[in-house]
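Numbering (full-length UniProt numbering), first residue to last: 1 to 405. Here's the structure, in structure tokens; my notes come after.
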């Protein structure tokens, strides 16, 4: 009233009217429009007007307001966050790119949290690994590290957001930062411990138990898993793995059997049977292990890991027939770029078991020739050359050159 020409006062009035204590949307809209009329080049008021329209689900007007704000001040992060939220609400494929752009402009909690959410969502979808979107948005843009950095800054400022700490733990796991993952998941557990949301608390305990098992704290992992209701597949398998790592093989076998009864897919059943076969082998029951692995191979969707384990069992028992048959079955189910190192290792081992020493080195050389960018294959070749090269005294020198490569 004292200075009706000030766009700052009109904008401030609009913000106050949007607050929960007032919630006068009509006056808020009027105030933002008056602020714009007083100062047309007013990106803040345009952004606030767009936010008001977005909250009231008027998507088209919201988009227009944010677009004007972007044109007036391209570096103003809040209008870009608004566009990202609109893209999210309409299911646009540009959502992740928009959130990523907000993190590049400046640190803003909404932008950091939104970008991390979309990165985690994309990573959890295992079916998209060979898509152009995944290669660009995740690999080319170094998205995991970028989201990890943004979320670290977010959790430094907002320390009561359990979902953010859960996402931070997940990103830490992808970056192989196991101790940091344990710490982030523990923070999520502490935040949710006294809340009424028991489902989120149970999920946090599962994550915490998995991270404890990954760093060798098996007693604590067992304690975390047994604090849950033990009704979900992941809870049983996580507890079974912790028991196995602790050396409690009977307890592990019991949990895996329970997990087998609640497994929903053929792949889950195959993984459980493979784990049970490993336990049987560790207890000296090779025949029982073989029987379980044969069960895996008879499923509609045999597991690559189970077929690899069957190959390994044949090699360990020096059963060339079993190892070769398992390898032939394995080759039917893997794509050319999948499990390259494991296939080369198993094939070379079978040749060695058959006494075909020349074929051992040739197999590794062929694999390196086909996949020259795979360091595991070069390492394997450097180990095989001294063992299987012809006795001309040059095996060690050649192995050194290969290892250096």
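Virtual Cβ for every residue (Gly too), placed ideally from N, Cα, C.
Own chain residues within Cβ distance below 6 angstroms of residue i, not counting five before or after
i, result
"residue 311", "323, 326, 327, 346"
"residue 46", "65, 68, 69"
"residue 83", "66, 98"
"residue 275", "256"
"residue 78", "47"
"residue 162", "188, 191, 192"
"residue 181", "169, 172, 173, 211"
"residue 220", "212"
"residue 388", "357, 360, 361"
"residue 222", "242"
"residue 396", "386"
Cut-off 7 angstroms between Cβ atoms - residues of its own chain near residue i, not counting five sequence neighbours on either side
i, result
"residue 186", "208"
"residue 235", "206, 225, 228"
"residue 405", "378"
"residue 151", "112, 116, 164, 167, 168, 171"
"residue 53", "61, 62, 65"
"residue 252", "240, 243, 244, 279"
"residue 34", "10"
"residue 88", "95"
"residue 57", "none"
"residue 22", "16"
"residue 371", "340, 377"
"residue 147", "115, 116, 119, 171"
"residue 363", "344, 347, 348, 351"
"residue 126", "none"
"residue 329", "297, 307"
"residue 259", "233, 236, 237, 240, 272"
"residue 290", "313"
"residue 110", "81"
"residue 368", "377, 378, 381"
"residue 249", "279, 282, 283"
"residue 342", "308"
"residue 402", "378, 381, 382, 385"
Where the alpha helix (DSSP H) containing residue i begins and where it ends
i, result
"residue 182", "178 to 192"
"residue 271", "266 to 282"
"residue 93", "Looking at the DSSP string, residue 93 is not in any alpha helix (DSSP H), and its letter there is neither H nor E."
"residue 314", "304 to 316"
"residue 107", "Unbroken run through residue 107: none, as it is neither H nor E."
"residue 358", "357 to 370"
"residue 57", "That residue, residue 57, is in no alpha helix (DSSP H); it is neither H nor E in DSSP."
"residue 143", "143 to 157"
"residue 321", "320 to 333"
"residue 229", "Residue 229 -> no alpha helix (DSSP H), and no H or E assigned at all."
"residue 36", "25 to 38"
"residue 384", "375 to 388"
"residue 130", "Here residue 130 belongs to no alpha helix (DSSP H), and DSSP marks it neither H nor E."
"residue 285", "Note, residue 285: premise wrong, no alpha helix (DSSP H); not H, not E."
"residue 202", "198 to 214"
"residue 140", "No alpha helix (DSSP H) holds residue 140; DSSP gives it neither H nor E."
"residue 252", "249 to 262"
"residue 217", "Unbroken run through residue 217: none, as it is neither H nor E."
"residue 172", "162 to 174"
"residue 11", "7 to 18"
"residue 345", "340 to 354"
Chain-order list of residues whose beta-carbon lies under 8 angstroms from that of residue i (same chain, five-residue window excluded)
i, result
"residue 166", "184, 185, 188, 203, 204, 207"
"residue 201", "189, 192, 193, 195"
"residue 315", "323, 346, 349, 350, 353"
"residue 333", "302, 304, 307"
"residue 90", "59"
"residue 29", "14, 49, 52"
Chain C within 7 angstroms of residue i, Cβ atoms only
i, result
"residue 85", "The displayed structure is made up of one protein chain only, and chain C is not part of it."
Original post:
Is the segment 249 to 264 touching the segment 295 to 315, taking contact as three or more C-beta pairs under 8 angstroms?
Top reply: No contact exists between the segment 249 to 264 and the segment 295 to 315.
Original post:
Should the segment 71 to 79 be regarded as contacting the segment 35 to 55, the criterion being three or more beta carbon pairs within less than 8 angstroms?
Top reply: With a cut-off of 8 angstroms, the segment 35 to 55 and the segment 71 to 79 count as touching, because enough Cβ pairs lie within range.
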